[in-house]
Structures are given as structure tokens and as C-alpha cells.
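Each remark here refers to the structure printed beneath this line.
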Amino acid sequence: MARRYDSSTTTFSPEGRLHQVEYAIEAINNAGTCVGILAKDGIVLASERQLTSGLLAPAKTSEKTYKLSQHSTCCVAGLTADANILIDQARLRAGRYEYQYQEPIPMEQLVEHVCNYKQAYTQYGGLRPFGVSFLFAGYDQHYGFQLYQTDPSGNYSGWKATVIGSNNQAGKSLLKTEYDPESTGELPSVEVALRLAVKVLNKTMDGTAASSEKMELFVMSREDTEEKLCVHRILTNDEAQKVIDEVEAEGAGAGDS
Amino acid sequence: MSILEYNGAAIIAMTGKNCVGIAADTRLGIQAQTVATDFKKVFKVNDKLFVGLAGLATDVQTLDQILRFRQNLYELREERPMTPKVFSNLLSNILYEKRFGPWFVEPVVAGIDEAGKPFLSEMDLIGAPVYTDDFVVSGTCSGNMYGMCETLYKPDMEPDDLFETLSQALLSSVDRDALSGWGGVVHIITADGVKSRVLKGRMD
Chain A
-14 MARRYDSSTT TFSPEGRLHQ VEYAIEAINN AGTCVGILAK DGIVLASERQ
36 LTSGLLAPAK TSEKTYKLSQ HSTCCVAGLT ADANILIDQA RLRAGRYEYQ
86 YQEPIPMEQL VEHVCNYKQA YTQYGGLRPF GVSFLFAGYD QHYGFQLYQT
136 DPSGNYSGWK ATVIGSNNQA GKSLLKTEYD PESTGELPSV EVALRLAVKV
186 LNKTMDGTAA SSEKMELFVM SREDTEEKLC VHRILTNDEA QKVIDEVEAE
236 GAGAGDS
Chain B
60 MSILEYNGAA IIAMTGKNCV GIAADTRLGI QAQTVATDFK KVFKVNDKLF
110 VGLAGLATDV QTLDQILRFR QNLYELREER PMTPKVFSNL LSNILYEKRF
160 GPWFVEPVVA GIDEAGKPFL SEMDLIGAPV YTDDFVVSGT CSGNMYGMCE
210 TLYKPDMEPD DLFETLSQAL LSSVDRDALS GWGGVVHIIT ADGVKSRVLK
260 GRMD
């Protein structure tokens, strides 16, 4: 039944669905998981690095995390080739806004711009949608640190913590129980958020042993200087291993009770 | 009246031993009338690279904004800072794009490349570059500045010596020019960082 209405993006099905968009979202469910967690003093983005072959040349740059401007970074789940186009779009938009207004682009405007670009491929032209979901992490002076999730439909939403990519439902259910700022009255610190992110990745990657080669941990925070520039930091293998070990130790201790 | 002489400027850049210095006056005038004494004409591109823009003030400021936009994009895509040579070529390209309606700016590029070697370049308003290993000048009193540099310059100066030479060359040049002066700044760039100082000169 869906077969007649699923080959064109510009056609609704009788149930009111856009099948091409839904298939694009399916493609992302096979991609490496990305976790985003909002902390009190920053944002944590943790991603699963999927190594497809031992013959691949060692990565010179990240395949998951990309800086977009001084105050924003994103991580990718889905088709890398599609993501590259959108990342360039985002960088240009942020740069042009800052050139025009001599002020950094507010996060939501940047996310909305990328999403509007994605949406056009669900309505015009006979082109397929982008098979990418993003987690956008950034800071602006109006709303502080913010985390946004986007999908191929061009829809976006703001989150305190979320997961995209493979096994994201399992990840999200873990976050629902473990990420609870209401009980403490404030958001967790970056260190706590890092450990929680690793815990979530452990669950979504279940079966594979956690290691710093397979997990990319990224932190965004602000310097304590007058300029208050944003600091974008991908943890080194040693730093990442330390967090992974801490989580394992916590887990081993709690498991016995 | 020449449009390049409407606002007034004086910029000198010199090489030293594993360092470069760039100095500029800080006058902003509207022909004869001085309007500001704190007008920025030298801009930091990155820790090892500065650009000085002499010419029409509005174009000086706009080009600074354009260059920052392009440099940001480069660093995001290439994940490394722009080297002086690359930046100089980019600037030359940007200027030539407006070949038949140019930016009224004659820039000076001063920096240290990845190997620590000093780099200087100067270009005209449509991007014709000149690369030297001693000094480059640009501004309304360029004749004065060439004379002073030719006399005072010696190769392989240490950073403090370079500062003194640059300052004296600039101060003496602008004193014989009505359109430049009214204060000055000097930046000395070494592998360890940048030292910026404000010059005390004749405020006339």
C-alpha cells in the first residue's frame, strides 16, 4: 500500500505520511550513536566511532564532531557525505551572520537555518532528503548553553539530554532514569555529564567493549577570561580512557548491591 | 583630492631576527579635520599574523570584517591556522575581484610562518603584491617612511631593538605629514607571542 506513495518526497501518503522522510530517518538508525547532555557549565557530546575496516588510514579529523563557529559545534549521525554539505551550510550561515551583525549567531537561528535547508528537500525538486540527524551544541548570550536535535524532515527540538543513531531508544530510556536535574535542583557538572554519556554509549553499543578508540568524547565550555570565548575540546585517548574506567568502576561497585 | 588620502594613514612593517613588527598611526581624519585619535588600522588575524590596512576608513573596517569571515571559514574547514603567505594571496585575490570598482585600501601583511621565518608583503589597491625581507610601508606619507626605513633599518634585529627602530621610523615620518600621526601603536610578533605598545608622539 505504501509502495505507491513512497517513491517521491513530494507526495503525501493517504495516511498523511512522507515515506521518503521516514526512510531517511531509518537510515540514521544504522549509524553510530551520538549522545548529547546539557551540563551546568557546558555541554557534552559523546559519539560512537564505527571502524568499518582495519585497512582504513588513521583518521586525520573527526568523522562525528564538527566545529561550526566560535560558539557552536555539532555531531553527526547518518550519511557522512550528506552531513558535509549541511555542515558547510551551517558554517557559512554562522559566518555571514557574524559578518553582517558583528555578533555571534543565536543558536536557535543557526539550527533553524540548517533545518529550513533540509526541509526544502522534502517539498521541492524531486531530490531525496538528507540522511542526517544532528546534535547541535552551542552557547549564546540570550539563552546560555543549548542542545538541539534535528532530523531529515527539517524538524528540530531543544533538549536537556538526548540520543540519536543506533539504539537511541535504549539510550533515551537510560537518560530518563539517570538524568534528573529536578531532584538536585540544578544541571549536572561536565564531569558528571561525561560519565553519564559514557554510560549511555555503553548501553547503546552493548556487546562491544568500551574503549577510547571507539568513543569520541567532546566538551564545550567557556573560558574564565574577560573574553569568555568558548572552548571546544575532544578528549585525548588518555582522558577518555580515564572517564571510561571511572564509569566501569562505578558500575562494578553498584552491580553487587 | 585623492580618495586614498581622505582619512590619512601611516603603516610600517619590518622583519627582525625570528620576529616581525608592525606599526601604525591612530589618526582618523576627514581631510584636514582630525576626528579620532584611537582609530585601529592594524588587525590581528591569528597569533602569528597581523594585517595593516591603509586607505579609506570605511573600506579599512569592512575589509577587516571580510578578512575575519574568510579566515574563520578557512580555519573551520582546514582545521589549522592560515599561514602568512596564504593569507596574503587570499587578500590579493579579494582585492582583484573588485578590479573595476576597488577597495580603497593598500594593505600590509606581517607574520611568522610555520617554520618561524618572518614574512612581509605589501600590495596596491587591486592586489598586486610585493614580497620583501626587510620592510614594507603604506600610507599618506609613504615617501617619508621609505626614507626613514632605508636609513634606520638593519637586518636581524632583536625584538626590543626592532621596536625602537620601528617606532622612530614611524614617528619621524608622520611628523612631516598633516594627515597621519596623532598617536601610534606597535606590535612585535615573535614565536612566543605578541607584545603591543602605544606610542607617545606629537598630537598634531
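Chains A and B are the protein sequences, given in the same order. FYI, in our numbering the residues of the first sequence are -14 to 242. FYI, in our numbering the residues of the second sequence are 60 to 263. Glycine included, every Cβ here is placed at the ideal spot set by N, Cα and C.
_Beta-carbon proximity list for G175 (chain B), same chain, < 6 Å, skipping 5 on both sides_ = N77 and A250
*Would you mind giving the Cβ-Cβ distance between A31 (chain A) and V216 (chain A), rounded to the nearest angstrom? I have them listed as a contact below 8 Å.*
Wrong, their Cβ atoms sit about 17 Å apart, outside the cutoff.
_Under 7 Å by beta carbon: chain B residues contacting T46 (chain A)_ = E138
*What separation, rounded to the nearest whole angstrom, lies between the Cα atoms of Y190 (chain B) and E181 (chain B)?*
7 Å
_For K52 (chain A) and G27 (chain A), what's the separation of their Cα atoms in angstroms?_
15 Å
*Expressed to the nearest angstrom, what Euclidean distance is found between the alpha-carbon atoms of R136 (chain B) and L214 (chain A)?*
20 Å
*How about S242 (chain A): is its C-beta nearer than 8 Å to some C-beta of chain B?*
With a pLDDT of 44 at S242 (chain A), under the threshold of 50, the modelled position of that residue is not reliable, and no figure is offered here.
*Distance, Cα to Cα, A16 (chain A) vs T135 (chain A)?*
15 Å
*CA-CA distance, L154 (chain B) and F178 (chain B)?*
20 Å
*When the Cα atoms are used, what is the spatial distance from T(-4) (chain A) to T107 (chain A)?*
9 Å
*asked:* Judging by CA-CA distance, which residue of A:P114, A:G21 and A:Q126 is the nearest neighbour of R207 (chain A)?
replied: A:Q126
*In chain order, what residues of the same chain have a beta carbon less than 6 Å from the beta carbon of M204 (chain B), not counting five sequence neighbours either side?*
I71, V196 and S232
*Could you give the DSSP three-state label for E73 (chain A): helix, strand or coil?*
According to the sequence shown, residue 73 (chain A) is Asp rather than Glu. In the structure shown, D73 (chain A) sits in a helix (DSSP, three-state: H, G or I).
*Nearest to E7 (chain A) by alpha carbon, out of A:T193, A:D191, A:V117 and A:L132?*
A:V117
_At a threshold of 7 Å, does A16 (chain A) count as lining the ligand ATP (C-beta to nearest heavy atom)?_
The ligand ATP is not part of the structure shown, which contains no ligands of any sort.
*Helix or strand or just coil, what does DSSP make of Y128 (chain A)?*
coil
*Kindly list the residues whose CB is nearer than 8 Å to the CB of M141 (chain B), restricted to its own chain and excluding five residues on each side of it in sequence; keep chain order.*
V104, N105, L108, Q130, Y133, E134 and L149
_Backbone CA spacing between K144 (chain B) and A24 (chain A) [nearest angstrom]_ = 41 Å
_On the CB-based measure, 16 or more other CB atoms within 10 Å of its CB, does D236 (chain B) come out buried or exposed?_
buried
*Contact set between the stretch 93 to 124 of chain B and chain A, restricted to residues whose Cβ is under 7 Å from the partner*: Q124
*Determine, using beta carbons only, whether Y84 (chain A) comes closer than 8 Å to chain B.*
yes
*If you measure from the beta carbon of G123 (chain A) to each beta carbon in chain B, is any gap under 8 Å?*
no
*In whole angstroms, what separates the C-alpha of Y109 (chain A) from that of S47 (chain A)?*
32 Å
*Buried or exposed for A69 (chain B), please, with buried defined as at least 16 other CB atoms from any protein chain shown within 10 angstroms of its CB.*
buried
*Go ahead and pull the three-state DSSP assignment for Q263 (chain A).*
Residue numbering for chain A in the displayed model covers -14 to 242; residue 263 (chain A) lies beyond these limits and cannot be assessed.
*CA-to-CA distance, L112 (chain A) to I10 (chain A), given in whole angstroms*: 16 Å
_Nonlocal neighbours in the same chain, by C-beta distance under 6 Å from F203 (chain A), ignoring five residues either side_ = L30, T50 and I219
*Answer with buried or exposed for Q131 (chain A), where buried requires no fewer than 16 other C-beta atoms within 10 angstroms of its C-beta.*
buried
_First through last residue of the beta strand (DSSP E) which encompasses I22 (chain A)_ = C19 to A24
*Interface residues of chain D around G80 (chain A) at Cβ under 7 Å?*
The question asks about chain D, but that chain is absent: this structure's protein chains are A and B.
_Where the beta strand (DSSP E) through N105 (chain B) begins and ends_ = V101 to N105
*Note down, in chain order, every chain B residue with its Cβ under 7 Å from the Cβ of K52 (chain A).*
L135
*How would you write the range of the beta strand (DSSP E) that G252 (chain B) sits in, first residue to last?*
G252 to L258
*Where do the ends of the beta strand (DSSP E) carrying D295 (chain A) lie?*
Any property of residue 295 (chain A) remains undetermined from this structure, which presents chain A solely from -14 to 242.
*Since L115 (chain B) contacts D123 (chain B) with CB under 8 Å, what's their CB separation in whole angstroms?*
Their Cβ separation, rounded to whole angstroms, is 13 Å, which puts L115 (chain B) and D123 (chain B) out of contact at 8 Å.
*Terminal residues of the continuous alpha helix (DSSP H) containing P143 (chain B)?*
P143 to E156
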